[in-house]
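Student: Got a structure for you, written out below as structure tokens; questions coming shortly.
Listed below in structure tokens is the structure:
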């Protein structure tokens, strides 16, 4: 029975309403993963919260982590396959800015998503959701969360998967909310399937 954590964010400067939080809660209520234990967490958009996320994962020990963030200027869902060891200058929801240019002193410049991205991308597109792979998670807290979570997944082993996706802001002519939810549900189902496969392969190799 896989344990699944789905996260979104609260408001931040320039985004008084952040759709990623309600979407995370909606995905936690999906009926497409019977038997899975799914928990939603809406994180405050704070640099400190991102810095402590890996420790939170150590406590919760989920098998699958799907992180959702808002990228207002994008037009499609983006699967972030890389997190960078870099901060930005944009303030968080408490108007705080990072004190250093690196997320982790001495850490690797980048960390990659361990999950195979192609099946996740296909799941979104089959659901009718415009989507693409991205190698630039930005310079804000979304990137910080991805960098920390990808490092956690690497340490935890092949049987644990973490993926960060950016969603566009709802706009006229954009992706309807119902379609967005269906697409992210399809991605989550595909991600859990990949995790189960990875666990079986790891068990067979022992």
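In my numbering, the protein residues as written are 31 to 236. All C-beta atoms, glycine included, are put in the ideal place defined by N, C-alpha and C.
Using a threshold of 8 angstroms, state whether the C-beta atoms of residue 215 and residue 100 are closer than that.
Tutor: Translated into positions along the chain shown, residue 215 becomes position 185. Translated into positions along the chain shown, residue 100 becomes position 70. Cβ distance not < 8 angstroms, so residue 215 and residue 100 don't count as in contact.
Student: Taking a contact to mean a Cβ-Cβ separation below 8 angstroms, would you say residue 103 touches residue 117 in this structure?
Tutor: Within the chain shown, numbered from 1, the residue matching residue 103 stands at position 73. Within the chain shown, numbered from 1, the residue matching residue 117 stands at position 87. No. Outside cutoff.
Student: Please classify residue 110 as buried or exposed, where buried requires at least 16 neighbouring CB atoms within 10 angstroms.
Tutor: If you number the chain shown from 1, residue 110 lands on position 80. Buried, because 16 or more other Cβ atoms sit within 10 Å of the Cβ of residue 110.
Student: Count the other C-beta atoms from every protein chain shown that fall within 10 angstroms of the C-beta of residue 31, then say buried if there are 16 or more, exposed otherwise.
Tutor: Taking the first residue of the chain shown as position 1, residue 31 is located at position 1. When all chains shown are included, residue 31 counts as exposed.
Student: Under a Cβ-count criterion, where at least 16 other Cβ atoms within 10 Å of its own Cβ denotes burial, should residue 62 be classed as buried or exposed?
Tutor: Locating residue 62 in the chain shown gives position 32, where the first residue counts as 1. Exposed, because fewer than 16 other Cβ atoms sit within 10 Å of the Cβ of residue 62.
Student: List the endpoints of the continuous alpha helix (DSSP H) containing residue 178.
Tutor: As a position in the chain shown, residue 178 is number 148, starting the count at 1. Note, residue 178: alpha helix (DSSP H), 171 to 186.
Student: Just to confirm before moving on: does the CB-CB distance between residue 124 and residue 87 stay below 8 angstroms?
Tutor: As a position in the chain shown, residue 124 is number 94, starting the count at 1. As a position in the chain shown, residue 87 is number 57, starting the count at 1. Not a contact, by the Cβ cut-off of 8 angstroms.
Student: Going by alpha carbons, who is nearest to residue 170 out of 185, 160, 79?
Tutor: On the chain shown, position 140 is the one that residue 170 refers to. If we check each option's Cα against that of residue 170, 79 comes out closest.
Student: Around the C-beta of residue 166, are 16 or more other C-beta atoms found within 10 angstroms, so that it is buried, or is it exposed?
Tutor: Numbered from its first residue, the chain shown carries residue 166 at position 136. By the 10 Å Cβ count, residue 166 comes out exposed.
Student: Since residue 143 contacts residue 180 with CB under 8 angstroms, what's their CB separation in whole angstroms?
Tutor: As a working note, residue 143 is residue 113 in the chain shown. As a working note, residue 180 is residue 150 in the chain shown. Sure, about 6 angstroms apart at Cβ, within 8 angstroms.
Student: Would DSSP call residue 194 helix, strand or coil?
Tutor: Taking the first residue of the chain shown as 1, we reach residue 194 at position 164. The answer is strand: DSSP assigns residue 194 an E or B state.
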